[in-house]
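Trainee:
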Amino acid sequence: MEFLGYRRLDGKVGIRNHCLIIPTSVCSSTVAFNIAQQVPGSVALANQHGCCQIGADYEQTLRTLINLAKNPNVGAVLVVGLGCEGVPIHDVVAEITTTGKPVDVVVIQEIGGTLSATTEGVRKMAELARQVVKLQPEKIHIRELSLAIECGGSDFTSGLASNPAVGIAADLLVAAGGNVMLSETTEFIGAEHILARRAKSPEVAEKLFQIVRDCEERAKLSNFNLRDGQPTPGNIAGGISSIEEKSLGCIYKAGHAPIQGVLQYGEIPSTKGLYIMDSPGQDVESISGMLASGATVVIFTTGRGTPTGSPIAPVIKITANQRTFQRMNDNMDIDASSIISGHETIEQVGHRIFDEIIKVANGHKPKAEILGHQEFGIYKLAPTF
């Protein structure tokens, strides 16, 4: 089975061909958005960080920004810096250049302010866009796809129907040789021992247990009980009674394949197969981390409904709640309520989801992409100093 994709010089394959503008700090974000508004086909990240961060928090922001630029859905990159931020602007540019993608840079303080930087940025971004538009898609085997699986606004139908169906689609992609990523560490709590049984080695299992322990310890150090915020009020109203019940439903999305490894937030996997990524349960930050890890398409299940998209990868929305599908039809792509009604099996809907992934990889736009949803956020580990 094949799709039409863009093969990059580093050998990776994307299903979209975006020109990405990366502000290295929040101070350069407005200029980045000004440039994006004037160059069709370009998209700017809403980076809120990049300055006054230290230690692992700083390293995570740096890794995420660089690896987002390395995502195969990105054809060219313009880095927009202020000039005095903590993120090393020219080091970011140098690292992105290793992919072979066209890259350029604008530094606001060196050019002389917002207007001059915007003018120069538009000129440079337009030149990058001219290079990217020349690229032609080619037929690619589906083993080159990288799938992120996410859930948000879950209700009782998520764990019963839509998540298990996504697990079938995930298994099909892994069997074909592709990558699948499951994130949201908070939603492994109470079910981590079940996930760990599928780890390819005791070391991978221990790493999975460790990220859950670390997550709970961070909450304790903040004098916060995770069970005070999980499940969320919306989850509870939707029929989910406990964090363990939510977790048991969440892990269905990962199907049944062996777990190859546990990734840091935004870390790029070294091999094919199913991976776990350490991330928060917050949907936007979780998806952003998986994009930095190289995901090119996102499956997002929801019971209560959410419009969330992403800047560089199409997000396919699935609900098994018929009322939600009807009420939020502007945002929902796949109605999996046929599982609840008994008209389709989990396996049948899973194959339908897999077919939709291939369709989207071939250029079909899901509703979040059509509506311009580009939500983005980087997971912070520590206070800003």
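Here the sequence shown stands for residues 183 to 567, where the numbers follow my numbering.
Glycine is no exception: its CB is placed at the ideal position from the N, C-alpha and C atoms.
1. May I ask you to verify whether the region 208-220 touches the region 413-431, counting CB pairs closer than 8 Å and requiring at least 3?
2. Where does residue 266 fall in DSSP's three states?
3. Which runs of the beta strand (DSSP E) fall wholly inside the region 358-428 and span at least 3 residues, in chain order?
4. Does the distance from the C-beta atom of residue 221 to that of residue 258 stay below 8 Å?
5. With DSSP run on the structure shown, which of helix, strand or coil describes residue 221?
6. Can you tell me whether residue 247 is buried or exposed, with buried defined as 16 or more other CB within 10 angstroms of its CB?
7. Whole angstroms is fine: what's the gap from residue 306's alpha carbon to residue 206's?
8. With contact counted as at least three CB pairs below 8 Å, one residue from each stretch, are the region 394-402 and the region 355-372 in contact?
9. Say whether the region 320-333 touches the region 356-365, bearing in mind that this needs 3 or more beta-carbon pairs closer than 8 Å, one atom from each stretch.
10. Are the Cβ atoms of residue 429 and residue 561 separated by less than 8 Å?
11. Is the beta carbon of residue 458 sitting closer than 8 Å to the one on residue 346?
12. Taking all protein chains shown into account, do 16 or more other C-beta atoms lie within 10 angstroms of the C-beta of residue 402, making it buried, or fewer, making it exposed?
13. Counting pairs of Cβ atoms below 8 Å between the region 370-384 and the region 511-519, do you hit three or more?
14. Give me the residue from 444, 514 and 226 with the minimum Cα distance to residue 390.
15. What is the DSSP secondary structure of residue 305, counted as helix, strand or coil?
16. Could you tell me whether the region 497-504 touches the region 189-201, where touching means 3 or more Cβ pairs closer than 8 Å?
17. With distances taken from CA atoms, which of 504, 341, 241 and 227 is nearest residue 426?
18. Just list the alpha helix (DSSP H) runs in the region 468-524, keeping only unbroken ones of 4 residues or longer that don't cross its boundaries, in chain order.
19. Taking 8 Å as the threshold (C-beta atoms), are residue 487 and residue 420 in contact?
20. Are residue 268 and residue 232 touching if we call contact CB-CB under 8 Å?
21. Counting along the chain, where does the alpha helix (DSSP H) carrying residue 244 start and finish?
22. Just verifying my parser: in three-state terms, what is the DSSP assignment at residue 346?
23. Smallest Cα separation from residue 404: which of 235, 564, 381 and 243?
24. Please identify the residue among 189, 354, 261 and 239 whose C-alpha is closest to the C-alpha of residue 537.
25. Provide the residue span of the beta strand (DSSP E) that contains residue 320, from first to last.
26. How is the beta strand (DSSP E) around residue 455 delimited, first residue to last?
Mentor: A quick look at the data gives this:
1. Touching, no, given that fewer than three Cβ pairs across the two stretches are closer than 8 Å.
2. Locating residue 266 in the sequence shown gives position 84, where the first residue counts as 1. In the three-state scheme derived from DSSP, where H, G and I count as helix and E and B as strand, residue 266 is classed as coil.
3. Correct list: 361-364.
4. Here residue 221 refers to the residue found at position 39 when the sequence shown is read from its first residue. Here residue 258 refers to the residue found at position 76 when the sequence shown is read from its first residue. It is not a contact, given that the beta carbons lie outside the stated cut-off.
5. For this step, residue 221 is matched to residue 39 along the sequence shown. DSSP places residue 221 in coil when its eight states are reduced to three.
6. Your numbering for residue 247 matches position 65 in the sequence shown. With 16 or more Cβ atoms within 10 Å of its Cβ, residue 247 is classed as buried.
7. Residue numbering aside, residue 306 sits at position 124 when the sequence shown is read from its first letter. Residue numbering aside, residue 206 sits at position 24 when the sequence shown is read from its first letter. Near 17 Å, if we compare the C-alpha coordinates of residue 206 and residue 306.
8. Judged by Cβ distances under 8 Å, the region 394-402 makes contact with the region 355-372, as three or more pairs qualify.
9. Output reads yes: the region 356-365 touches the region 320-333.
10. Locating residue 429 in the sequence shown gives position 247, counting from the first residue. Locating residue 561 in the sequence shown gives position 379, counting from the first residue. No, the pair does not count as a contact, with Cβ atoms beyond the cut-off.
11. Numbered from its first residue, the sequence shown carries residue 458 at position 276. Numbered from its first residue, the sequence shown carries residue 346 at position 164. Not closer than 8 Å, so no.
12. The residue given as residue 402 occupies position 220 in the sequence shown. Counting of Cβ neighbours within 10 angstroms places residue 402 among the exposed residues, the total staying below 16.
13. No, because fewer than three Cβ pairs between the region 370-384 and the region 511-519 fall closer than 8 Å, the two stretches do not touch.
14. On the sequence shown, residue 390 is found 208 positions in, with the first residue counted as 1. Among 444, 514 and 226, the Cα nearest to that of residue 390 is on 444.
15. The residue labelled residue 305 in the question sits at position 123 within the sequence shown. Residue 305 falls in the helix class under three-state DSSP.
16. By the criterion of at least three beta-carbon pairs nearer than 8 Å, the region 497-504 is not in contact with the region 189-201.
17. Sequence index remark: in the sequence shown, residue 426 carries index 244 (1-based). Here the closest residue by C-alpha is 341.
18. Counting only runs of 4 or more, we get 504-509 and 519-523.
19. The sequence position of residue 420 within the sequence shown is 238, counting from 1. The sequence position of residue 487 within the sequence shown is 305, counting from 1. No; because the gap between Cβ atoms is not below 8 Å, this pair is not in contact.
20. Against the sequence shown, residue 268 aligns to sequence position 86. Against the sequence shown, residue 232 aligns to sequence position 50. In contact: residue 268 and residue 232 (Cβ atoms closer than 8 Å).
21. By one-based count along the sequence shown, residue 244 stands at place 62. If you look at residue 244, you'll find it in the alpha helix (DSSP H) that goes 237-252.
22. Here residue 346 refers to the residue found at position 164 when the sequence shown is read from its first residue. Of the three classes helix, strand and coil, the one that applies to residue 346 here is helix, per DSSP.
23. Position 222 of the sequence shown, counting from 1, holds the residue named residue 404. That would be 564, whose Cα lies nearest to the Cα of residue 404.
24. One-based indexing of the sequence shown puts residue 537 at position 355. Of 189, 354, 261 and 239, the residue nearest in Cα terms is 354.
25. Translated into positions along the sequence shown, residue 320 becomes position 138. For residue 320, the enclosing beta strand (DSSP E) starts and ends at 320-323.
26. Taking the sequence shown and counting its residues from 1, the one referred to as residue 455 is at position 273. That run of the beta strand (DSSP E) goes 455-459.
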